[in-house]
Amino acid sequence: MEMEADVLGVRISPPFVEFLDAKAGQLYKASVTVQNISKSGKRLRIHGPLSKLFRLTVLNPDKPVAPGLSLTATVEYSPETDENNRDRLILLSEEDVIEIPVLAFCPTCFLEMDLEVDFGTVVANSKVISKEIEIMNHGSAPGTFKITYKGASPITIVPTSGTVEPETIQKIRVEFCTHQSRTVNEQARVQLQRSEDKVLQIKADVVEQALEVLDPTSEKRLECVWFGPAYFGTSKLQRVVLFNNSPQASDWVAVLQDDAVGAELGTDTEQSTDAALLEMRLGNDIKEVDASAVISCVPNEGKLGPYEKTTISLCFSPVYCRDNGDDTNSAEPAKQDYALFMKFEIVGSKDSFIQHEVNGILPSRDNKRSCVELAITGTGLSVSLIPVPGPCFSFDECHMGERVDVLCVLNNRSTLLPVAFKFRKTANFIISPSKGKIDAGLQQDVMFSFAPHQIGSFKVNQLIDILGQVSVLDSSSIQMTFRPFHQISLSFTGICKPLTRKIQPRFNRGITPAVTNETGQGVEVGTDELAKCSASVRMAVLSATKSNIHTQKRSRSLDRNYLIAFPNDRSASIRPHSRNEHYRSIFTKVERYNYVDPDFAYTEEEERQRKAHKDYYIQFIQNLRETRLQKAKERELADVKDEVDIGIKPAAGLRPRRLSLRDMELEPKEEWPSLRRSRLLTTCTLAAIETQSTSRCVTEGFNVIPSTTQEIEDCSKTLTAQQLHQVIIGPSTVDFGEVCVQSVSSRQLNIVNNLPVHVWVQAEIDCQELQQSSPLSHVVPPFSRALLPFVFETNKLGKFQKSITYTVNKKHTGHVLVLATVIPVALELSTSERVLTPTHSFLAESGYRTTVTLHNRRNHLAEFTWKPIITERGIAFSIRPATGAVEAYKDLECEVVWHPSYFSPQEGHFDLCVHHGNTTRLRCVAKIGRTNVQLTKKHLVFDGVALNFTTVKTAVLQNTGQNHAYFQVLDVYPLPGMMVTPSEGVVPVGGQTELRVHFTPGAVMKFDTRVEIALRNMKSLELRIGGSVEPPEVDINVKSFNFHGVHSGSTHAIPFGLRNKSSNRARVEFDFSKYPDFAIKFGNCPGKAVYL
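Residue numbers (full-length UniProt numbering): 1 to 1092.
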């Protein structure tokens, strides 16, 4: 029946009685009011509920309730248990019956939670990201929850179970490791108390933090940049676009891989194999070339925002690198090909720059995802501009004002590139044209003209400048300029002769002018010209040119060409005009007297003294220098020379090693280096610096915080992307592997500082599992390595993953991923089944023995206990030690022993129970070897056995086999009074075991029986026992004993004799139990029986 507030003329308030959060043992009250809303009076009566838990208190009126008046009732509820109850009140309104529901609810929980965790789009950088969801309890009682995730994704939920108090919120942290790109859509089962199971959706779109190199025109992915051919010394420029295709900003740096597989640096790829081998044989090796000098990149570092692009300029500048004395003007041009690889790498935690070779295989570093590789190819050509007819041009002789032309043909033998040239200006030479451009494979005529402006011989080097595009690098761009990059030298030779007239001598006639000497001007006349001057000086010469009668004999053999001494050709002095010139007279040809005035010139003796004095000091200084050099050489040899002469000449036959850039040690500079932004980092350079840095491991004496002035200054600097790239903090993933609960494991985080300054590295740890790690701060000196220890300890099973954040100089952040799988302690058996076989050298009591090894392959001590599985047949195996402990990464051997007998079970089981760990079962099986046992006597004969006497016979079991034998006598009592001992036993190898047959017959008989002896792993043996029992036959020589009268207290004895007539012993017993006054005495042996 549908209930309403107003029903049949009455108003019920409230329409139902409700008790919320009712606890057992408490008393709750609620009131209900019934009002008459009709126009006439009504009889109203309220009757209580049926349940005893509810009690109604109401005063029902006997008279009708007037309109507008009401009737109030009180319902009391006292629950006994925490459960929901339901009942009703009956309202009688005249003849109508109305039910008022009574509801009682115990305290209950009402849990709600968000059922979706969406991490959105994140970058796969091995970082652990987390989000929190809330479980809200809107109820009045605590509620429990449990979250179960069984997927394969690296998702951790903490906590996975718990209790939420009333009106509180429980936060659940969902952690996700972004170690690889994927689309995650996982489900976790959620169990909430008093609610149906629900599904928690975990979503994430993990993308690679990828850099892409794009073509600036088409914006397509670019894998190779081909520069084409270029002359050595020139440059080519191309631009690419670097694109950060990820939702996260990143710092990047360009690194040239000069050690990459397939890289070529100055190799002629078109050269034949024979030519290459010939060059190797002749020693024309390629010199070490810095690859960063060939390829330039601007900018080579920077920062890109999410999905941001930047333009990068790449410059190719080939360098001629063959050390074989190549002549660039030779007819065969040099050609070198370049194939290099450049990677644009994201700056962050990384592994070493050094690639260690393991078994001939270079390990691939896991940084392919954080970098993009770009191949760069190009060809370097030498300038092949050949002047014809040759580099040497001779213009012969010409006179002043004349001009000599020579035609030259410039031949460009390069088939790939044109060449631009320009002749430098040179005095006295004219070149037309002085500059130009010659296409590939063509030639051009050039006219060389020799137009001297002065007299003399000319030998000049005419330089031809080869022009091309040359790069000029600065911090932010690459500028290309057209300027000379190569020179070709030509040799010009020429002679310019003057067109001069010889000055004719002019002799004075009469008065001598003041400006000349007495004779005249130009009077230095030789004998050859004397005839021409005879007309001017006729009186002085006369006929000297025609006659030699006055010539002295000693002068006739002299040189005919000498100067003539005219009269009055010298004034005021007889010293010579020049000491080396000699004058002779006109007629006699005698040398004219010369006088050297010592007041004005040195004499010949003085000249000799001056020269000797100068030579003495020159020799003195030379001797001092030689002495000094000799002493320095002796000091150098003293450092390496040993006192013992072993007969080896120092450095004999040794050639110095050719050093390369990789062999050079970089010395740290004290000042802060201004790294050239235009200079690329190379992998070989980084590896060489790291090799030096890793050799200097700082383990003691380091500072936790900067303390010195230099450290404070260095650690306050902001590093560039290139500098930050050279601070190696790794490995990027610290994996503890499998660790045991409550065990302590440690790993080292390497910090390699390849910079010439101090860096300050701090790690931030906010998890309980790594709280024992210390110290977490290092000031790393220049070019050195430090170790930061990570200590892991936990008591929770499961997978552990955490991102540890670190800072460099408190300005640059990074992270490393710490992974661990926490497992319980466990032991492994070397085998699950152990077979025990006999050992011939062991005694029978030693049993069968072997060992089983317990392997503890985990990092914590494992305590164990062997528990035997006892069956109905029991167990005959034992293991020692029964309890113990195995150290971490150690082995322990336990001895398994089988205690053999005929009834020993050949199979047994043991449980290896590890305390707080696993349980493993070991099955033990004993294999008994074949035996060969024989009875030395197969028939025992008891001949004439005495009645009631015990007779013992012995049967011998002899073992002639190779193993111990175990037997059992199946019927120990084959006859009454007969017993075989022992009932079971062992017969050792080569030994014997006796079986004793005890027979005590109780009756006279003849017998013949068989006793079966069962043997393990052998056919049973049968022992036959036979014989007879003889009755006793004893004769007494007295028929009766008559004592007649015997006084009281006295003793009377009658002797008699006994005789045993049988062949066996007989026992004779006299029974005087009923006659206490009689006794018998057998000689000196008192008693009532005697053996005969």
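Even for Gly, the Cβ is constructed at its ideal location relative to N, Cα and C. Note that the coordinates shown come from a computational prediction; the quantities given were computed from them, not determined experimentally.
Who are the Cβ neighbours of residue i in its own chain at under 6 angstroms, not counting the five residues just before and after it?
i	result
residue 711	758 and 779
residue 451	403 and 430
residue 420	437 and 467
residue 462	426, 490 and 492
residue 794	769 and 822
residue 486	233, 383 and 466
residue 669	Below a pLDDT of 50, predicted positions are generally treated as unreliable, and residue 669, at 45, falls in that range; the measurement from the model is reported next regardless. Closer than 6 angstroms at Cβ, skipping near neighbours: 756.
Would you list the one or two residues that DSSP bridges to residue i?
i	result
residue 461	491
residue 379	229 and 337
residue 806	763 and 814
residue 933	959
residue 251	303
residue 191	146
Along the chain, where does the alpha helix (DSSP H) that runs through residue i open and close?
i	result
residue 855	No alpha helix (DSSP H) holds residue 855; the beta strand (DSSP E) holding it covers 848 to 855.
residue 693	683 to 694
residue 724	721 to 725
residue 1013	Premise fails: residue 1013 lies in the beta strand (DSSP E), 1006 to 1015, not in any alpha helix (DSSP H).
Please report the straight-line C-alpha distance between residue i and residue j, rounded to a whole angstrom.
i	j	result
residue 362	residue 260	Any reading at residue 362 needs caution, since the residue's pLDDT is 32, under 50, leaving its predicted position unreliable; the model's value is listed next. Spanning the two alpha carbons is a distance of roughly 11 angstroms.
residue 1153	residue 245	Only positions 1 to 1092 of the chain appear in the structure, and residue 1153 is not among them; the question remains open.
residue 484	residue 385	14 angstroms
residue 175	residue 48	58 angstroms
residue 992	residue 884	41 angstroms
residue 104	residue 58	20 angstroms
residue 1043	residue 1054	8 angstroms
residue 97	residue 64	16 angstroms
residue 946	residue 1064	5 angstroms
residue 302	residue 251	6 angstroms
residue 27	residue 147	38 angstroms
residue 753	residue 680	19 angstroms
residue 376	residue 424	36 angstroms
residue 906	residue 927	7 angstroms
residue 12	residue 46	12 angstroms
residue 781	residue 723	15 angstroms
residue 914	residue 854	11 angstroms
residue 378	residue 392	34 angstroms
Spatial neighbours of residue i within its chain, please: C-beta separation below 8 angstroms, excluding the five flanking residues on both sides.
i	result
residue 432	446, 447 and 449
residue 890	856
residue 764	776, 804, 805, 806 and 807
residue 8	93, 96 and 98
residue 360	Note on residue 360: pLDDT 36, under 50, position unreliable in the model; the coordinate value appears next. Nothing meets the Cβ criterion.
residue 852	829, 830, 831, 834, 879, 893, 894, 896 and 922
residue 397	494, 495, 496 and 497
residue 901	876, 966, 984 and 986
residue 671	Only weak support is given to the placement of residue 671: the predicted model assigns it a pLDDT of 42, under 50, and the value that follows is read from those uncertain coordinates. Excluding sequence neighbours, residue 671 sits near nothing in its chain.
How is the beta strand (DSSP E) around residue i delimited, first residue to last?
i	result
residue 258	Counting along the chain, residue 258 falls outside any beta strand (DSSP E), and DSSP gives it neither H nor E.
residue 397	392 to 399
residue 405	404 to 412
residue 238	236 to 245
Using C-beta distances below 7 angstroms, list every residue in its chain close to residue i, excluding the 5 sequence neighbours before and after it, in chain order.
i	result
residue 235	315, 316, 317, 469, 470, 471 and 480
Using a C-beta cutoff of 7 angstroms, does residue i count as contacting chain C?
i	result
residue 973	The question asks about chain C, but that chain is absent: this structure has only one protein chain.
Three-pair Cβ contact test at 8 angstroms for the stretch 131 to 143 versus the stretch 104 to 121 = yes
With a cut-off of 8 angstroms, do at least 3 Cβ pairs link the stretch 471 to 484 to the stretch 438 to 453?
-> no
Is the stretch 838 to 856 touching the stretch 789 to 804, taking contact as three or more C-beta pairs under 8 angstroms?
-> no
Could you tell me whether the stretch 291 to 300 touches the stretch 246 to 257, using the rule of 3 or more Cβ pairs below 8 angstroms?
-> yes
Contact between the stretch 110 to 126 and the stretch 79 to 91: three or more CB pairs below 8 angstroms?
-> no
Decide if the stretch 455 to 469 is in contact with the stretch 300 to 320; the criterion is three or more beta carbon pairs, one per stretch, under 8 angstroms apart.
-> no
Using 8 angstroms as the Cβ pair cut-off and three pairs as the minimum, do the stretch 729 to 742 and the stretch 697 to 717 touch?
-> no
Hey, is the stretch 74 to 82 in contact with the stretch 38 to 54, meaning 3+ C-beta pairs nearer than 8 angstroms?
-> yes
Inter-stretch contact (C-beta, 8 angstroms, three-pair minimum) for the stretch 212 to 227 and the stretch 182 to 191 | no
Please determine if the stretch 950 to 969 and the stretch 987 to 1006 are in contact, where contact requires at least 3 C-beta pairs separated by less than 8 angstroms.
-> yes
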